[in-house]
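*Asks:* Just passing along the structure, written as C-alpha cells.
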Amino acid sequence: MTASITLTEAAASRIRDILAKEPGKSALRIAVNGGGCSGFQYDFQLTEAAAGDDLVIERGGIRAVVDPVSQEFLKGAEIDFVDDLMGQSFRIRNPNATSSCGCGTSFSI
C-alpha cells in the first residue's frame with residue numbers, strides 16, 4: 001500500500017527535539033480518531049516502537065508511524081510543524097479533508 005504520507009523538514013526537526021527529551025521514545029505516532037468539532041481529529045503521541053502493521057515515515061533519521069486505519073484518512077497528507085502567531089503546532093495538510101476547524105486538529109471527509 002502506498003500511502004504517500006510525508007514529513008516536512010520542520011516536522012522532522014521538531015520531532016527530533018521532542019524525542020531528545022523523552023528517553024525510550026523512538027517515534028511520533030499520528031492517528032485519526034472520531035470526535036472533534038468536525039467529525040474526526042488528529043492525535044499525536046510519542047511511542048517506543050512501531051507496531052508490525054504501522055506505516056513508518058522517515059526523514060533525516062526521524063520516524064513517525066501511522067496505524068493502518070489512520071493511513072486511509074491520511075493518504076497523500078503532509079505533516080508539518082509551524083511556529084506562527086497562533087502558536088506552535090503540528091499541522092497536517094490533508095487532501096482528503098473536505099473541511100476543518102479553525103485550530104486545524106479536527107476535520108471532516
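Residues 1 to 109 (this note's numbering) make up the sequence shown, in order. Idealized CB from N, CA, C, for every residue including glycine.
Please name the residue in 57, 31, 11 and 24 whose C-alpha comes closest to that of residue 70.
*Replies:* 31
*Asks:* Cα-Cα, which of 96, 87 and 23 is closest to residue 75?
*Replies:* The residue with the shortest Cα to Cα distance from residue 75 is 96.
*Asks:* Exposed or buried, residue 91, counting other C-beta atoms within 10 Å across all chains shown (16 or more means buried)?
*Replies:* buried
*Asks:* Could you spell out where the alpha helix (DSSP H) holding residue 15 opens and where it closes?
*Replies:* 9-20
*Asks:* Check whether the stretch 80-88 and the stretch 48-56 touch, using three or more Cβ-Cβ pairs below 8 Å as the test.
*Replies:* no
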